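Chains as they are written, first to last, in this note's numbering: chain A, 870 to 1108; chain B, 870 to 1108.
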């Protein structure tokens, strides 16, 4: 019997198991340039397979909890993060994505604001990585991160998702920082400002950014639908 | 030991199992009014639990197939349908969604054109139902259908998804029929026509609808991104 055949027949005997993983995106300044960039927290594998490689936070589904609750609990237990919005992204379950037995991972994701991200545990087994520099991850987690990035970038087109990264009041330059961090590259400030002011749901406040500037920039607020990972506020199915 | 506690501890022993389900939407004329309405195929349960109730087509995941392949195979085996586009919708896995052992269902969905829908098997165990009149379904399938309808309606706003229901050439009235069938209710023909002609990606052809009319309406075509269930053409993750 060839090794390949042995492997197939072993898989036949073991039903797939289920896991929950989470992709959490936050904007943080790059330590070198100071420019805002997109980061995500990863946890170090402390057992086989993929011992010592970095992986998305996650874990098993407990018998009496929903998928959503399992995602929130696993994230809290591994990173101490408790994002306000945590949504299902996609289920990954290809037959070759992990050593036998096969694991189907239901992936949740969230965009967190700096105040939430600052509460994350950081030690030798939990760290933040730039989204474009995660290195080789365990399992198919590189592919999952790429998929999440692709979804995030395509959702930026609808507009509202950018505000999930911002506080209640923000300057127009801060919105541009978010777009530049997520899409990569630079946007023309004058064009961006004009487009933003023409969009609905952006309203000037009477406040200005605190600080020592000669002409402090005005603060704006977002008045559209509650920003979520998904561009649509949707009835959360009991999952 | 209370029955409730006994149930919890039984669930503790059994890991969740995995199933794949599919929601297939097609437009068909209502047999009474002749007006286009939204329909979906259901299959009758031929075993417990929920014996004799109607349910979404679906079945198990085989050890060596991807989630996507399992969805296509289960759909083909139960209904003979082979939609051109079949995409992951959502994973449903609440602890109370099925009798023990718990089942996590990964749901795929598709929009099919009349030529595809016409190929579906129809017998005493496979039938088409109006989306707004499915009655009581097995498991939590009513909730899944409602969720799929909600997603479909919210995607109509982006525009391109309507063309997944239409052929290569269509009249403006046919586009309005799709919107009315999915959103329910009636749309003002003149307003709708004006909005449609103002949208990008809709181009007149030099052809007219065949038939015995005095002034046959012009046929248009869609030139935007390939219509899919999801408004964005997305790189299909290997799942």
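All C-beta atoms in this analysis are idealised placements derived from N, C-alpha and C, irrespective of residue type, glycine included. This one's a predicted model, so the numbers in the text were calculated from it and none came from an experiment.
Could you list which residues in chain B have their beta carbon closer than 9 Å to that of residue i, in chain order?
{"i": "residue 975/A", "result": "960, 962, 973 and 975"}
Distance cutoff 7 Å, beta carbons only. Does residue i sit that close to anything in chain A?
{"i": "residue 911/B", "result": "no"}
{"i": "residue 885/B", "result": "yes"}
{"i": "residue 1021/B", "result": "no"}
Comparing C-alpha positions only, which one of the options sits nearest to residue i?
{"i": "residue 1089/A", "options": "1050/A, 1069/A and 893/A", "result": "1069/A"}
{"i": "residue 895/A", "options": "901/A, 1087/A, 911/A and 1055/A", "result": "911/A"}
{"i": "residue 892/A", "options": "1063/A, 988/A, 1078/A and 981/A", "result": "981/A"}
{"i": "residue 1052/A", "options": "1025/A, 1036/A and 959/A", "result": "1025/A"}
{"i": "residue 823/B", "options": "939/B, 1093/B and 1062/B", "result": "This structure gives no information on residue 823/B, because the portion of chain B shown stretches from 870 to 1108."}
{"i": "residue 992/A", "options": "949/A, 970/A, 967/A and 1033/A", "result": "949/A"}
{"i": "residue 961/A", "options": "1010/A, 903/A and 917/A", "result": "1010/A"}
{"i": "residue 1029/A", "options": "1015/A, 1048/A, 1040/A and 1042/A", "result": "1048/A"}
{"i": "residue 856/B", "options": "1060/B, 1034/B, 916/B and 1039/B", "result": "Shown here, chain B extends from 870 to 1108; a query on residue 856/B therefore has no answer."}
{"i": "residue 885/B", "options": "931/B, 900/B, 1045/B and 968/B", "result": "968/B"}
{"i": "residue 889/B", "options": "930/B, 916/B and 915/B", "result": "930/B"}
{"i": "residue 921/B", "options": "971/B, 996/B, 1093/B and 952/B", "result": "996/B"}
{"i": "residue 915/A", "options": "1060/A, 994/A, 1021/A and 1020/A", "result": "994/A"}
{"i": "residue 1002/B", "options": "973/B, 1093/B and 906/B", "result": "906/B"}
{"i": "residue 1066/B", "options": "1092/B, 902/B, 1084/B and 1079/B", "result": "1092/B"}
{"i": "residue 925/B", "options": "899/B, 974/B and 904/B", "result": "974/B"}
{"i": "residue 1040/A", "options": "1015/A, 1075/A and 1006/A", "result": "1075/A"}
{"i": "residue 944/A", "options": "1081/A, 1057/A and 976/A", "result": "976/A"}
{"i": "residue 917/B", "options": "1007/B, 1081/B, 1021/B and 1045/B", "result": "1007/B"}
{"i": "residue 1071/A", "options": "1032/A, 1056/A and 990/A", "result": "1032/A"}
{"i": "residue 1054/B", "options": "988/B, 1081/B, 1022/B and 1079/B", "result": "1022/B"}
{"i": "residue 952/A", "options": "940/A, 899/A and 959/A", "result": "940/A"}
Along chain B, which residues have their Cβ under 8 Å away from the Cβ of residue i?
{"i": "residue 1069/A", "result": "Here the premise fails: no neighbours, minimum Cβ distance about 14 Å."}
{"i": "residue 930/A", "result": "885, 962 and 973"}
Since residue i is in the beta strand (DSSP E), which residue starts that stretch and which ends it?
{"i": "residue 972/B", "result": "972-981"}
{"i": "residue 906/A", "result": "905-913"}
{"i": "residue 1090/B", "result": "1087-1091"}
{"i": "residue 1058/A", "result": "That residue, residue 1058/A, is in no beta strand (DSSP E); its alpha helix (DSSP H) goes 1058-1067."}
{"i": "residue 892/B", "result": "886-898"}
{"i": "residue 996/A", "result": "995-999"}
Does residue i get closer than 7 Å to chain B when you measure Cβ to Cβ?
{"i": "residue 1107/A", "result": "Annotation note: pLDDT 48 at residue 1107/A (below 50); position unreliable, coordinate value reported separately. Yes, residue 1107/A counts as interfacial toward chain B."}
{"i": "residue 936/A", "result": "yes"}
{"i": "residue 871/A", "result": "The predicted position of residue 871/A is uncertain, since its pLDDT is 37 and thus under 50; no value can be drawn from it."}
{"i": "residue 899/A", "result": "no"}
{"i": "residue 1099/A", "result": "Confidence in residue 1099/A is poor, its pLDDT being 47 and thus under 50, which makes the residue's placement too unreliable to answer from."}
So residue i contacts chain A; which residues on that side make the cut at Cβ distance below 8 Å?
{"i": "residue 957/B", "result": "959 and 960"}
Can you name the start and end residues of the alpha helix (DSSP H) that residue i belongs to?
{"i": "residue 930/A", "result": "Careful: residue 930/A lies outside any alpha helix (DSSP H) and carries neither H nor E."}
{"i": "residue 954/B", "result": "Residue 954/B -> no alpha helix (DSSP H), and no H or E assigned at all."}
{"i": "residue 941/B", "result": "936-948"}
{"i": "residue 1049/A", "result": "1041-1052"}
Just list the residues that DSSP pairs residue i with in beta bridges.
{"i": "residue 1072/A", "result": "1090/A"}
{"i": "residue 1016/B", "result": "Its beta-bridge partners do not exist; DSSP assigns none."}
{"i": "residue 924/A", "result": "912/A"}
{"i": "residue 992/B", "result": "995/B"}
{"i": "residue 1077/B", "result": "1087/B"}
{"i": "residue 959/B", "result": "976/B"}
{"i": "residue 1035/B", "result": "Residue 1035/B is not bridged to any residue."}
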